[in-house]
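Asker: Numbering (my numbering), first residue to last: 174 to 426.
1) Can you tell me the Cα-Cα spacing of residue 382 and residue 416, whole angstroms?
2) Whole beta strand (DSSP E) runs in the stretch 368 to 415 with 3 or more residues, listed along the chain?
3) Can you pull the DSSP bridge partners for residue 420?
4) For a minimum of 4 consecutive residues, which ranges assigned as the alpha helix (DSSP H) are wholly contained in the stretch 177 to 232?
5) I'd like the list of long-range same chain contacts for residue 330, defined as Cβ closer than 6 Å, with 5 residues on each side in sequence excluded.
6) For residue 195 and residue 210, what's the separation of their Cα atoms in angstroms?
7) Within 10 angstroms of the Cβ of residue 179, are there 16 or more other Cβ atoms? Answer buried if so, exposed if not.
8) Determine the DSSP secondary structure at residue 303, reduced to helix, strand or coil.
9) Restricting to Cα atoms, I'd like to know which of 419, 420, 367 and 187 is closest to residue 199.
10) Can you tell me which of 292, 318 and 325 puts its alpha carbon nearest to the alpha carbon of residue 276?
11) Candidates 191, 303, 291 and 263: which alpha carbon is nearest residue 280's?
12) Counting only the same chain and skipping the five closest in sequence on each side, list residues whose C-beta sits under 6 Å from that of residue 278.
13) Alpha carbon to alpha carbon, what distance is there between residue 230 and residue 237?
14) By the DSSP assignment, the alpha helix (DSSP H) with residue 355 in it spans what residues?
15) From the DSSP output, in three-state form, read off residue 262 for me.
16) In whole angstroms, give me the CA-to-CA distance for residue 208 and residue 346.
17) Output the boundary residues of the beta strand (DSSP E) element that contains residue 240.
18) Hey, residue 424 and residue 378: beta-carbon distance below 8 Å or not?
19) Starting from the C-beta of residue 413, find all residues in its chain whose C-beta is less than 8 Å away, skip the five residues before and the five after it, and write them out in chain order.
20) I believe residue 322 touches residue 243 by the beta-carbon criterion, under 8 Å. Please report the beta-carbon distance rounded to the nearest angstrom.
21) Would you call residue 284 buried or exposed, if buried means 16 or more other Cβ atoms sit within 10 Å of its Cβ?
22) What are the start and end residues of the beta strand (DSSP E) that includes residue 271?
23) Measuring only the C-alpha atoms, how far is residue 353 from residue 344?
24) Taking just the CA atoms, how far does residue 361 sit from residue 419?
25) For residue 270, which residues of its own chain have a beta-carbon under 7 Å away from its beta-carbon, when the five flanking residues on both sides are left out?
As structure tokens, then:
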């Protein structure tokens with residue numbers, strides 16, 4: 174059985190998983206894109222359980238989008254590990270919901286995540302105010318620790334190496350926009366396998382600026398002059414779709 178217990182208590186949602194061999198990367202560890210996939214899944218499940226998810230807002234033409242993400246990992250779950258993703262809402266502002274996560278591997282905290290979510294009008298793609306969503310503040314847990322810095326402010330990449338990529342059918346989701354995880358996969362592919370045999374992503378920041386669609390041909394640019402703070406972005410002409418920063422550290426697992 175690959176999925177385990179799901180619980181919710183005092184605003185903290187917990188989902189236990191099992192890391193199968195087919196989900197691992199070349200180093201037999203949980204890959205960063207899979208971790209982000211799990212974060213989005215747990216956030217979606219928790220929002221549905223709180224009645225602030227797809228079922229409630231889709232008929233109104235509204236939906237949640239991930240705006241910013243910051244991840245810090247001491248180590249990643251390994252093949253055949255049990256791991257747990259916990260999530261809770263720290264606070265909500267007029268336009269953003271701030272959701273945090275803790276990642277456990279075999280009962281030990283191995284990482285924390287901070288994320289910012291916006292609700293948008295699915296037709297105009299403009300942000301909606303959250304004042305009508307009383308459940309967010311009512312269930313907020315600002316007392317639960319998340320000891321990492323918020324998502325960084327990321328500047329344009331001025332120099333570096335780049336590759337051209339055209340997003341295809343398997344890159345898009347049900348909104349017919351590029352799936353969040355696909356951006357991260359394209360960015361991570363800018364380094365060879367030998368790099369990941371030596372380094373792990375210990376800090377990752379990403380900001381999503383404008384959604385990309387099927388068939389778009391983009392430029393994936395990386396400035397990795399500093400391995401501890403590699404800048405990256407995906408652009409399409411004068412349009413910036415996302416910016417990211419990778420902090421690598423020596424792989425010790």
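Note that the Cβ used here is the ideal one computed from N, Cα and C, for glycine as well.
The structure presented is a predicted model; accordingly, all values stated were derived computationally and were not measured.
Answerer: So, from the listed chains and residues:
1) The residue you call residue 382 lines up with position 209 of the chain shown. The residue you call residue 416 lines up with position 243 of the chain shown. Going by the C-alpha atoms only, they are around 8 Å apart.
2) 372 to 381, 390 to 396 and 403 to 409
3) On the chain shown, residue 420 is found 247 positions in, with the first residue counted as 1. 376, per the DSSP bridge assignment.
4) 205 to 222 and 227 to 230
5) Residue mapping note: residue 330 aligns to position 157 of the chain shown, counting from 1. The answer, listed in chain order, is 394, 396, 404 and 406.
6) On the chain shown, position 22 is the one that residue 195 refers to. On the chain shown, position 37 is the one that residue 210 refers to. The straight-line gap from Cα to Cα measures roughly 15 Å.
7) Reading the chain shown from its first residue, position 6 is the one you call residue 179. Residue 179 comes out exposed.
8) If you number the chain shown from 1, residue 303 lands on position 130. In the structure shown, residue 303 sits in coil (DSSP, three-state: anything other than H, G, I, E or B).
9) What you label residue 199 is simply residue 26 of the chain shown in a count that begins at 1. Residue 367 is the option with its Cα nearest to residue 199.
10) For the purposes of this step, residue 276 is taken as the residue at position 103 of the chain shown. By alpha-carbon distance to residue 276, the top candidate from 292, 318 and 325 is 318.
11) For this step, residue 280 is matched to residue 107 along the chain shown. Ranking the options by Cα distance to residue 280, first place goes to 191.
12) Sequence index remark: in the chain shown, residue 278 carries index 105 (1-based). Only 250, 254 and 256 meet the Cβ criterion.
13) Position 64 of the chain shown, counted from the start, is the residue given in the question as residue 237. Position 57 of the chain shown, counted from the start, is the residue given in the question as residue 230. Going from the Cα of residue 237 to the Cα of residue 230 covers about 9 Å.
14) Taking the chain shown and counting its residues from 1, the one referred to as residue 355 is at position 182. Counting along the chain, residue 355 sits inside the alpha helix (DSSP H) bounded by residues 353 to 361.
15) The residue given as residue 262 occupies position 89 in the chain shown. Residue 262 falls in the strand class under three-state DSSP.
16) Locating residue 208 in the chain shown gives position 35, where the first residue counts as 1. Locating residue 346 in the chain shown gives position 173, where the first residue counts as 1. Cα-Cα distance, rounded: 18 Å.
17) Within the chain shown, residue 240 is the residue found at index 67, counting from 1. Note, residue 240: beta strand (DSSP E), 235 to 246.
18) For the purposes of this step, residue 424 is identified with residue 251 of the chain shown, where counting begins at 1. For the purposes of this step, residue 378 is identified with residue 205 of the chain shown, where counting begins at 1. Not a contact, by the Cβ cut-off of 8 Å.
19) As a working mapping, residue 413 is identified with position 240 in the chain shown. Contacts found: 329, 382, 383, 406 and 407.
20) Taking the chain shown and counting its residues from 1, one reaches residue 322 at position 149. Taking the chain shown and counting its residues from 1, one reaches residue 243 at position 70. The distance from the Cβ of residue 322 to that of residue 243 is about 7 Å, consistent with a contact at the 8 Å cut-off.
21) Along the chain shown, read from residue 1 onward, the residue named residue 284 stands at position 111. Burial call: buried.
22) To locate residue 271, count along the chain shown from 1; it is residue 98. Residue 271 -> beta strand (DSSP E) spans 269 to 278.
23) Counting from one through the chain shown, the residue named residue 353 turns up at place 180. Counting from one through the chain shown, the residue named residue 344 turns up at place 171. The straight-line gap from Cα to Cα measures roughly 9 Å.
24) Taking the first residue of the chain shown as position 1, residue 419 is located at position 246. Taking the first residue of the chain shown as position 1, residue 361 is located at position 188. Their backbone Cα atoms lie some 9 Å apart in a straight line.
25) In the chain shown, the residue the question calls residue 270 occupies position 97. Within the same chain, residue 270 has close Cβ partners 262, 290, 303 and 309.
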